[in-house]
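Each residue of the sequence shown is one higher than the last, beginning at 1 in full-length UniProt numbering.
Beta carbons are placed, not taken as given, at the ideal position from N, Cα and C, and that holds for glycine.
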Amino acid sequence: MEKKLQTCLASIREKTDFKPEVALILGSGLGDYADGIQIETTVDYTEIEGFPVSTVTGHKGRFVFGYVGDVPVVIMQGRVHYYEGYPMSDVVLPTRLMGLLGAKKLLLTNAAGGINENFRPGDFMMLTDHIATGVPSPLIGPNLDDLGPRFPDMSEVYSHRIQDVIRNAASECEIDLKEGVYVQLTGPNYETPAEVRMCKIWGGDAVGMSTACEAMAARHMGMEIGGISCITNLAAGISKEKLDHKEVQETADRVSKDFKRLVTKIIETI
């Protein structure tokens, strides 16, 4: 196992022996979700030796350990993005760490731009698959044999079982759930209209700057994965409006109550 990963793991284990079953990564609009659960302990990223720290405004930067209902969870409150300048191995280090802490299931959330013209800002899209061609694979370099195989299968990154759980949870919460393929590009700039057309030709329904790399690292480890995007805006060329982060945040905040209900229901039944 990579030395940095071992150092981070040992650093967390000095602070808590909590064993989560489910890991949750919070995207824009869900940042305060962790404040509403039964918290057992928190560990700030700055307290973990060698851990990459998020520089994005509005991302808290800590692991929260606790319970959603009866389910022991670890929540990443503030993720690290590739566009912040970290190597991809650092971007997925927190995901790997949560797996090593005991989590067997991972729920990924994000804010994304809608490519599918049937989508509207405020919609939720369950990830059925992803396209990560636009970013370096987190598995490049020496294989971490303790975590998984050199050539891992990616034919079912997003577990069909968890997809059913998400569909049922959305139905119970009376939320109109969209489904589709998520495309990860590097950011931090929003995409050009031509890039959005390219993503559409590829078969993408939504585009963002995170998630697919984390899903690949988790799948490599054998974790079972689910993913949900909050469609915060329509991508360039589909929307005539100029894109800005404020609009993304406002839409995410507007629907965060429904997002939280949905996430809670998923975790309780996952």
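#### Entry: Contacting residues, own chain, Cβ-Cβ under 8 Å from Leu26 (five flanking each side not counted)
The beta carbon of Leu26 sits closer than 8 Å to the beta carbons of Tyr33, Ala34, Ile75, Met76, Gln77, Gly78, Arg79 and Thr109 from its chain, once the five residues preceding and following it are set aside; these are given in chain order.
### Query
Relative to the alpha-carbon of Asn233, which residue among Gly122, Glu191, Met216 and Met209 has its alpha-carbon at the smallest distance?
The shortest Cα separation from Asn233 among Gly122, Glu191, Met216 and Met209 belongs to Gly122.
### Task
Taking Phe51 as the reference, give the member of Met216, Tyr182 and Ala10 with the closest Cα.
Residue Ala10 is the option with its Cα nearest to Phe51.
### Message
On the CB-based measure, 16 or more other CB atoms within 10 Å of its CB, does Asn189 come out buried or exposed?
### Response
Exposed.
### Message
Measuring only the C-alpha atoms, how far is Leu144 from His81?
### Response
So the alpha carbons of these two residues sit roughly 21 Å apart.
#### Entry: Residues bridged to Tyr67 (per DSSP)
DSSP output for Tyr67 lists Gln38 and Pro72 as bridge partner(s).
### As assigned by DSSP and simplified to three states, the class of Arg62
Of the three classes helix, strand and coil, the one that applies to Arg62 here is strand, per DSSP.
### Query
Would you report the Cα separation of Gly203 and Asn116, rounded to the nearest angstrom?
Rounded to the nearest whole angstrom, the CA to CA distance from Gly203 to Asn116 is 9 Å.
### Query
Going along the chain, which residues of its own chain have a beta-carbon closer than 8 Å to the beta-carbon of Glu191, five neighbours each way excluded?
Contacts found: Gly113, Leu185, Cys199, Val207, Ala235 and Ala236.
### Query
Of the residues Ile238, Ser239, Arg219 and Asp90, which one's Cα is nearest the Cα of Leu107?
Restricting attention to Ile238, Ser239, Arg219 and Asp90, the CA atom closest to the CA of Leu107 is found in Arg219.
### Query
With distances taken between CB atoms, is the gap from Val53 to Gly61 smaller than 8 Å?
Yes, the pair counts as a contact, with Cβ atoms nearer than the cut-off.
### Message
Could you compute how far the alpha carbon of Ile142 sits from the alpha carbon of Leu243?
### Response
Note that residue 142 is Pro in the sequence shown, not Ile. So the two alpha carbons sit approximately 39 Å from each other.
### Query
If we ignore side chains and look at the alpha-carbon of each, how far apart do Arg197 and Ile231 end up?
Roughly 17 Å between the two C-alpha positions.
### Query
Taking the alpha-carbon positions, what's the Gly102 to Ile48 distance?
Taking the straight line from one Cα to the other gives about 18 Å.
#### Entry: Other residues of its chain near Lys178: CB distance less than 8 Å, five sequence neighbours each side excluded
Cβ within range, chain order: Asn116, Asn118, Phe119, Asp123, Phe124, Met125, Met126, Asp205 and Ile231.
### Query
When you compare only the Cα positions, how much space is there between Thr133 and Pro193?
When rounded, the distance between both Cα atoms is 18 Å.
### Message
Are the CB atoms of Met88 and Pro138 within a distance shorter than 8 Å?
### Response
Using a Cβ distance threshold of 8 Å, Pro138 and Met88 count as a contacting pair.
### Message
Excluding the 5 residues flanking Thr41 on each side, which residues of the same chain have their C-beta closer than 6 Å to its C-beta?
### Response
If we look at Thr41 and ignore the five residues flanking it on each side, its Cβ neighbours are Thr16 and Phe65.
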